[in-house]
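Residue numbers (the numbering used here), protein chains in the order written: chain A, 919 to 1595; chain B, 919 to 1595.
Here it is as structure tokens:
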């Protein structure tokens, strides 16, 4: 059916030009019936399934068609029937960008004839008429065939007719030969084939979209001189430290001029003192707006040097995209029409009644016409792309229109398919999923607040084992400058270790806000608040990176384990395993070939040693239940020999609250010693 | 999005005219995203739910719109938010035919303002500017309002501004008054509202589509003179007997002339003897085809008298629609192009290799152009409708194109919305469901072969508790002329009682093929076959309706229970209840108000007495767990007092293999006696 016919036909009584025999339904993967693209990274597979069936009893043939959106020629893969009229085929996405896939299916008269003639032959029936039907089908295929095949088919039909007179078994055998079958499939008359009425889209990103470790830091806190504001140069120097911990992405809060009007003071004080530096999210001052580097941080040249230093270290720099303005932002003067005005002529500030955020003016996306606003906002992204940025962390996307994001992300990625967008939308689940559907590459999650085994199990099953995984790529953050969880406030360093290891092993994408994180900063501004005391959002902090409490070594170790084990590069294989203690969570990830299996066991109680019997599904993991296997703790380099599915673990959170086990199979015994690899 | 945009936008970067704030997704009920209609009967409700959400924090307003397809004006019902951004509203379908429903939603600036001003007011903030925003919103609503409301709103805005100067609480109170709110909602500017992009369809049938008891019989076996062929007049006389058993629908196998060429003999013999009457499904002879009454049955006038007699008895006559031809059918001569020809010039007969059905020529729906064929086949339906028939049982619809059925049923029901079609497609599940989606009113099911508790529970949960129920109305047949199950062959009369009661209480629609059924005819043609010995398909049978084995009284009783208890008129409330014996199945149905609750308990073992503890969900059924309640067996008119959820039952299949309990609540005690109603 054509797109316009999706809606049940209002008068349904329209006669089709001819009756399609084959129905193609329930095609998957497809988000909301194909309204939104699915996501993959380059090299990954798309496994497509569909219900395909026809009236009557003819033999079906179905193909999957796929192509990069920019190329006109389809590639075709035959589909295979599975149970209950479900068909399946797979294709790899081999380049960044948009790819299309769709299906075709038809009933094949020659294949049906082939199936039937075998039964008739075996029943010893007279085939003199039936064999002619087959020959006719081959003759008419010859007329459709390419010049090369035409002769082959025509000769074949002649030969079958000739043989049929004196050697019927020979005639049947010739008609059923694999060569004839292949040619007949190739020249099938597809005019009556059912074309699936949609071209589904897969967005292929580079691998970093799927596997990344992020480190957020404030450049202005990077100075080595206490009391002095850090610059982009200091920030560049700090990259060695970040790279040594094994991160892939350094994400910087906004680096633009900060507004002075209604600037917030330290600890979010309503009035700023003269020396207060303000929040980087209050973007815009007389020096410029979203396309300007804050002069107190340095110059555009400094920023480019930062990018280049990062590149040398194997790091990428992610910028913050916060579409809002301080009262001093040039837009406020130049484009008053982009803001909502109050009856007294002032610009409407941000509110969450009764709270007022008078240092922030939201852009009004409801003003007509909004298009110049949209273009301007997109030009911000394109500007930073031109400077070399390829990753954007988007601040509060859920407070701007969905349509805007779809347009912005799609049109940017059309030109720059390597650009990634991380959605910072801590809001209701369906809104978060919608933003992912619209194009955000990665998304913040509720992980930060999921502390119990039951909560984590339920949430990560939703993220990794349902259709949500087709569009929503989780990026797990134990903390952010806005989120100092109760768990971190009260659990001390063990709590930080627990949350680090959970984030880094549950999520192929994860990030921390440092150095607050690795230095186990747990002081909140007031009890019950998730705001940091002396938050870097409002003031400069000098961090003692050499503090012995620092988890930087553990972090480096965890990031190295992540890099070395492909099982941790994807989320879809995540499996939770029973442990008979609610404080102990156990789960595994593996590569498809099961050559890399990582089992993580975490004591979620930061205060007490906990132990549990853990059950592993040996059959699922292709482990021989009659053979011992080795679990190699990659954090401590300790190896244990386990036997059978049920084994005991004990974890002291003050020492190390987790095992990250690599499973090693026993391959042989040498001189009485078991060898595991 | 418009229909054409369903497919993920190939270049997605198109800017919309303006940004819709609200997303409407996951609207239900909707079959395959609205491709197919859902089904209801007149007077039933459609409960519509959808995910509805917006960017930002504005207040949402959503409405359900519905209308009969033939009328242009929409009726609107406000939707209510449920949990997790799910909204809900309900409308009744009040007439037969097609009805449309769709949704609209918008963020409402006035409602958002109202919510916020309360918070600000409670926080004691200065509202002098905020109140003006509210007054402005009311003023601009006044410009959109009807003449009558315009003045009210304008005056109200003025009054609010006036009050604001000296009595802010009074101004706020006036702005928040229910009358103002109602007017503001009514005059909302919907230009930026999100219109759900599809108009979904519900087909409303008359009640018989949902609740019916069918009786199939061969008119030619209705003679009272053994050895003599029955006529339509005999059939009309037999209707008293059928009506006395409480059936609603009498379904007759084809009543058309039967082909003579290659006619099958008794017990499906390849050659017919001269006196053999042939299969009614081998339609067509020199006397005529699908629009002709077989002269040996009588005349069209006789048929009309049969219809009229049925009507007097409260019965409807269903005809068989078997689109296939005997070799003598007039179509074969007049429209050779409607058949497939073999290379030797003969017409292709039906086959299931190596089996041949040379008495049947299938119509070839792949011939070009097929349209005259389609028109002719539809004219058959319209012809019998013109004679007064309103129900058709369709033979093997799965061997004709899906498109054909959608066209035929939709176009017939457009003119005659009271016409019902029962699909006799015993084939793969997805094909059966597809036919229901395309428009078949009712469908045969796998019930015939579901014998164990596990099988029945699983299958009926699928039919009644999943989306399948939106389009697939089950009609349960324990037997048909083609299906004499193993269970009936070997279980004797108890097996027939068991299957009768299961069919009649599990299914609001059910049917039996009689008198074979009530006379417990269980003889198969050969062991392992489901074909009857001396099948009425090929010969006339004289049935002794007075045989003491007859279940006609039990059937009458069961049909009366069905009529009297509305709980049994629908399938959606079906609930299975635990019983600690695999041979005992227990389930209930109830009306929405729970005033009628029927609990059926069946011993599925035809050979032995079985007993079990049965658990009822008292809370779900609104039964007070602290009070006794009565279970009134409507089959035996016996009453038991039960206490608590768990009670004991014992059933002897030779006596009666089932209880059909009406639940009666205790309402009071009179002179020490509990009174239940």
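By construction, the Cβ of each residue, glycine as well, lies at the ideal position given by its N, Cα and C atoms. The structure displayed is predicted, hence computed values, not measured ones.
| Query | Result |
| --- | --- |
| Separation of residue 970(B) from residue 1360(A), as counted between CA atoms | 23 Å |
| Of the residues 1593(B), 1081(B), 1067(B), 961(B), the one placed nearest residue 1046(B), counting alpha carbons only | 1081(B) |
| Bounding residues of the alpha helix (DSSP H) (the contiguous stretch that carries residue 1301(A)) | 1289-1305 |
| Per DSSP, cross-strand counterpart(s) of residue 1006(B) | 967(B), 998(B) |
| 8 Å Cβ cut-off: residues of chain A touching residue 1352(B) | 941, 943, 971 |
| Positions along the stretch 1306-1321 of chain B whose CB lies within less than 9 Å of some CB in chain A | 1315, 1316, 1317, 1318, 1319, 1320, 1321 |
| Residue-chain proximity (residue 1393(B), chain A), Cβ-Cβ < 8 Å | no |
| Rounded straight-line distance, which links the Cα of residue 1357(B) to that of residue 1299(B) | 15 Å |
| Span separating the alpha-carbon of residue 1392(A) from that of residue 967(A) | 25 Å |
| Minimum C-alpha distance to residue 1309(A) - residue among 1343(A), 1233(A), 1292(A), 1345(A) | 1233(A) |
| Closest Cα partner of residue 1518(B) within the set 1579(B), 1542(B), 1467(B) | 1579(B) |
| Close beta carbons around residue 1201(B), own chain, < 8 Å, minus the five adjacent residues each side | 1172, 1174, 1175, 1176, 1177, 1207, 1208, 1240, 1242, 1243, 1244, 1247 |
| Segment limits, alpha helix (DSSP H) that includes residue 1596(A) | Since the displayed chain A opens at 919 and closes at 1595, residue 1596(A) lies outside it and no answer follows. |
| Three or more C-beta pairs below 8 Å linking the stretch 1444-1460 of chain A and the stretch 1412-1421 of chain A | no |
| Proximity below 8 Å, CB of residue 1340(B) to CB of residue 1312(B) | yes |
| Min CB distance residue 1005(A) to chain B below 8 Å | no |
| Element boundaries [beta strand (DSSP E), containing residue 1366(B)] | Unbroken run through residue 1366(B): none, as it is neither H nor E. |
| Test item: CB-CB of residue 1495(A) and residue 1549(A) under 8 Å | no |
| Continuous alpha helix (DSSP H) stretch holding residue 1027(A): start and end | 1027-1040 |
| Amino acids of chain A, ordered along the chain, whose beta-carbon sits closer than 7 Å to that of residue 1050(B) | 1261 |
| Chain-ordered chain A contacts of residue 1248(B) [CB-CB under 8 Å] | The premise fails here: residue 1248(B) is roughly 24 Å from chain A at the closest Cβ pair, so nothing lies under 8 Å. |
| Candidates 1403(A), 1585(A), 1277(A), 1370(A): closest to residue 1197(A) by CA position | 1277(A) |
| Reference residue 1114(A); option with closest CA among 1167(A), 1407(A), 984(A) | 984(A) |
| Heavy atom of the ligand PLP within 7 Å of residue 1517(A) beta-carbon | Absence of the ligand PLP is noted for the structure shown, with no ligands found whatsoever. |
| Closer than 8 Å to chain A by CB, residue 928(B) | Low confidence applies to residue 928(B): its pLDDT is 41, below 50, so where it sits in the model is not reliable, and the reading given next is rough at best. Yes, its Cβ sits closer than 8 Å to a Cβ of chain A. |
| Test: residue 1075(A) CB closer than 8 Å to a CB of chain B | no |
| 8 Å Cβ cutoff, residue 1346(A) in contact with chain B | yes |
| Rounded distance between the beta-carbons of residue 1059(A) and residue 1102(A), thought under 8 Å | 6 Å |
| Same chain only: Cβ atoms within 6 Å of residue 922(B), ignoring 5 sequence neighbours per side | Residue placement at residue 922(B) is flagged as unreliable, the pLDDT there being 34, under the threshold of 50; a coordinate-derived value is accordingly withheld. |
| Sub-8 Å separation of residue 1598(B) and residue 1029(B) beta-carbons | Because chain B in this structure spans residues 919 to 1595, residue 1598(B) falls outside the shown range and cannot be described. |
| Neighbour flag for residue 1028(B) against chain A, beta carbons, 8 Å | no |
| Beta carbon of residue 933(B) nearer than 8 Å to that of residue 973(B) | no |
| Reduced DSSP category for residue 981(A) - H, G, I as helix; E, B as strand; rest coil | strand |
| Own chain partners of residue 1563(A) with C-beta closer than 6 Å, once the 5 adjacent residues on each side are dropped | 1533, 1534, 1536 |
| Short CB-CB distance (under 8 Å) between residue 1283(B) and chain A | yes |
| Proximity of residue 1315(B) and residue 1323(B) at Cβ, strictly below 8 Å | yes |
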